[in-house]
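> So for the sequence shown, the numbering used here puts the first residue at 22; every next one is plus one.
Heads up, the beta-carbon is just placed ideally off N, CA and C, and yes, glycines get one too.
Predicted model, so just to flag it, every value in this text is computed and none were measured.
Structure in structure tokens, see below.
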Amino acid sequence: MKSKKEFQTKEQHLHRLQEGVSFGDGKDYSPSEYTKMAREKAIEWRDMYYRTDNAISSRENSIDGSKENGDGDSTGPAPSNPSNGDSANTAAAAASTPSSSAGPSQPVDSESKEFNTENLEKDYWNIVETQSQSVVVEYGNDVNANDFGSGFPMSERGRCLEGGTIDVDKVDLPEPKFGTEDYYKETWWNLNNIPCAPDSILRHVRVGINGINVPWMYYGSLFSTFCWHNEDNYLYSINYHHWGAPKQWYGVPGSKKDAEGLEKVFKDYLSMKMRDVPDLLHHITTMFSPRLLKQGGVPVYKLVQNPGEFVVTFPRAFHGGFSYGPNCGEAVNFATHDWIRHGADANERYRSFARPAVFSHDRLTFTMANHLQEQKAYNTCRLLVAELKRVIDEEMRLRNKLLEAGVRDLSGEINLPPNRLDQLDEESADYDDKRLCHACKHVCFFSCVACECSQSKVSCLRHSHYMCRCPPEKKYMMIWAEKAEMGKTLKDVQAFNEKLQATSPDTASGDVTSPTSESGIVPDVAPGAEEDATKQKGKIIDLSCVFPPRYPLTAVGSKGNAEEMSGTDVAMARPNKMGLEEDEKEAKRQKQNEEGVL
Ligand SMILES: [Zn+2]
Ligand SMILES: [Zn+2]
């Protein structure tokens with residue numbers, strides 16, 4: 022066995038997912054070891070609860086065709102790790118319980134049940150909601166694509182933040198043609214590239230933040246769960262399914278009303294727990310059924326994501342779900358220009374929890390204002406104007422208030438380094454880390470208050486009175502952004518926006534709020550969901566093979582490692598193209614070849 026890098030998994034107790042307890046560490050696996058384990062687990066579950074031709078024959082051989090009696094020894098290991106010292110609660114024990122309602126499914130001697138998403142979805146919620154059996158799965162989430170290889174090949178034109186290269190001869194060539202090897206390296210749909218795409222705000226963040234602008238890989242197994250959450254800083258996210266079993270998604274609209282609706286269901290349900298851990302939702306360890314959310318008046322939509330499909334989540338939109346077997350996905354955040362107002366909301370929320378943001382919202386806002394040529398539309402540019410105005414108004418109001426109270430302005434005496442506004446690089450991020458408000462952890466980007474009693478503590482303008490008991494005269498303000506400079510920035514953006522208003526075709530549409538349940542025009546079913554459900558209905562989950570990624574992976578210079586990615590020991594350097602019919606045929610052929618192996 023080749024030596025392979027291993028990632029650590031998280032151990033998820035499905036029957037306790039509603040309680041919000043934190044996850045323990047699971048075992049370490051290389052991607053291929055993980056996939057092997059995940060496949061075995063899924064097969065165990067299938068053989069235990071589902072009648073399939075394979076399962077029936079192996080069962081008949083081993084238990085003599087007798088009625089299902091939950092004999093754990095003869096049917097192989099239980100489909101889950103028994104919880105420590107609690108053998109009465111293991112899945113194997115549950116299967117032998119006379120009352121079949123306790124288990125997730127009817128035992129295998131009942132009517133033939135197909136191993137498909139509809140039945141497995143019921144199994145899943147049975148386990149989560151009834152806690153009738155203990156099921157433990159290991160989830161390989163948040164695996165750094167830099168260390169383990171992205172599923173996408175790396176750009177040679179400097180389009181990804183980390184791991185790529187720049188081939189000066191290629192940079193000025195026309196965009197590669199769809200379907201070519203270069204296309205997959207350079208397309209903005211490549212998740213390594215999307216944060217730096219021309220209309221992405223995050224392209225100004227030139228420091229790699231794992232999971233934000235550097236993708237994370239997700240190795241899933243049957244029922245491994247991504248719990249309810251929305252994205253850091255209310256960013257958008259984009260998730261690609263590379264290969265393997267489908268993924269079940271549930272989503273709640275990103276409107277304030279619906280996001281708060283979900284939060285209320287959480288609070289009502291976990292009121293005791295939330296008293297100790299007020300930001301429980303940020304821990305991403307809690308799962309709730311869509312049924313419970315609907316009861317609370319929260320609209321929930323669902324979809325099944327198959328290999329080759331993207332799922333995009335919108336700002337503040339809560340989402341969660343689980344896998345139907347071994348699979349591999351990849352995800353990263355992005356932000357378009359309309360995100361700015363959601364970023365502002367997220368920033369306020371983080372301050373209320375004293376949770377440090379992943380980057381300074383004020384810095385990003387001002388950096389955007391310094392790249393005005395990127396503003397293409399009046400409707401989004403005016404969001405930037407509104408946000409600048411909001412932060413500058415508050416800043417000036419609080420400065421005046423503090424000066425009136427006797428706090429000194431020492432900016433004339435202290436030489437502070439100016440704020441860089443061309444990009445958010447490592448140096449500026451380091452500097453920002455040193456000026457977090459002691460109370461709300463906000464990056465004091467424009468100014469801060471300090472006190473003679475402390476060399477290190479600083480405060481934002483909102484919280485200086487909490488910092489110490491010293492009188493205002495002992496406190497002083499340090500200012501990085503002068504009033505005149507801030508005023509000029511705002512004026513420039515306003516002027517640019519007026520120009521856009523005169524020329525932009527989208528001016529007429531006026532309101533930029535998207536259709537949400539706040540305006541009462543949310544459909545009952547998400548567009549396209551019914552067609553998709555019809556298309557996928559009854560599709561049996563295929564564990565006979567795990568599909569390799571469907572695009573070239575072993576390009577020279579690529580950090581994405583085909584062998585690691587595929588989870589098999591077969592080299593996957595097939596010259597196939599994403600979504601091409603030929604590839605489907607090849608996959609089928611391969612499947613037929615491998616059938617019966619398991
Ligand atoms: Zn503060
Ligand atoms: Zn003091």
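1. Per DSSP, which residues does G270 bridge with? Please list them.
2. With distances taken Cα to Cα, identify the nearest neighbour of F199 among K512, A516, W209, K191.
3. Using beta-carbon positions only, say whether R227 and D446 come within less than 8 Å of one another.
4. Helix, strand or coil for S480 per DSSP?
5. Just the C-alpha distance for S121 and S153, rounded to the nearest angstrom, thanks.
6. So the alpha helix (DSSP H) E150 belongs to, where does it begin and stop?
7. Excluding the 5 residues flanking C491 on each side, which residues of the same chain have their C-beta closer than 8 Å to its C-beta?
8. Exposed or buried, which one is Y345 when buried takes at least 16 other CB atoms within 10 Å?
9. On the DSSP bridge list, what partners appear for H250?
10. What ranges does the beta strand (DSSP E) occupy inside the region 467–519, keeping only unbroken runs of at least 3 residues that lie completely in it?
11. Between Q396 and C402, which are expected to be in contact by the criterion C-beta below 8 Å, what is the C-beta distance as a whole number of angstroms?
12. Looking at Y497: is its Cβ nearer than 8 Å to the Cβ of R429?
13. With a threshold of 7 Å, establish whether the CB of H225 neighbours any heavy atom of ligand 1.
14. Rounded to whole angstroms, how far is the Cβ of Y255 from the Cβ of R337, which I believe are closer than 8 Å?
15. Using only the heavy atoms of ligand 1, determine whether one of them is closer than 7 Å to the beta carbon of H463.
16. For ligand 1, any of its heavy atoms closer than 7 Å to the Cβ of S176?
17. At a threshold of 7 Å, does K495 count as lining ligand 2 (C-beta to nearest heavy atom)?
18. For Q29, write down the residues that DSSP places opposite it in a beta bridge.
19. Report yes or no: do the region 214–227 and the region 181–193 share at least 3 C-beta pairs separated by less than 8 Å?
20. With the cut-off set at 8 Å, would you say I259 and F339 are in Cβ contact?
21. Taking 5 Å as the limit, name every residue whose beta carbon sits nearer than that to some heavy atom of ligand 2, in sequence order.
22. Tell me whether H484 counts as near ligand 1, meaning its Cβ is closer than 7 Å to at least one heavy atom of that ligand.
23. Is the Cβ of M308 closer than 8 Å to any Cβ of chain C?
24. For the beta strand (DSSP E) holding C349, just list the boundary residues, first then last.
25. Quick one: Cα of Y487 to Cα of F374, how far?
26. Helix, strand or coil: how does DSSP classify F331 here?
27. Within 7 Å: the Cβ of C248 and any heavy atom of ligand 1?
28. For I187, does the three-state DSSP call read helix, strand or coil?
29. Would you decide whether A367 is buried or exposed? Buried here means 16 or more other CB atoms lie within 10 Å of its CB.
The short version:
1. Checking the sequence, you will find Trp at residue 270 rather than Gly. Paired residue(s): L324, G342.
2. When C-alpha distances from F199 are compared across K512, A516, W209, K191, the shortest belongs to W209.
3. yes
4. strand
5. With a pLDDT of only 35 at S121, under the threshold of 50, the placement of this residue in the model should not be trusted; the figure read from the coordinates follows. Cα-Cα distance, rounded: 10 Å.
6. Per DSSP, E150 belongs to the alpha helix (DSSP H) from 138–151.
7. C472, E473, C474
8. buried
9. H340
10. As far as the region 467–519 is concerned, its whole beta strand (DSSP E) runs of at least 3 residues are 468–472, 496–500.
11. 4 Å
12. yes
13. no
14. 5 Å
15. yes
16. No, the beta carbon of S176 sits no closer than 7 Å to any heavy atom of ligand 1.
17. Result yes, Cβ under 7 Å from ligand 2.
18. D49
19. yes
20. no
21. In chain order, the residues with a C-beta atom nearer than 5 Å to some heavy atom of ligand 2 are C472, C474, C489, C491.
22. yes
23. The structure shown contains no chain C; it is built from a single protein chain.
24. Its beta strand (DSSP E) spans residues 348–355.
25. 15 Å
26. strand
27. Result no, Cβ not under 7 Å from ligand 1.
28. strand
29. buried
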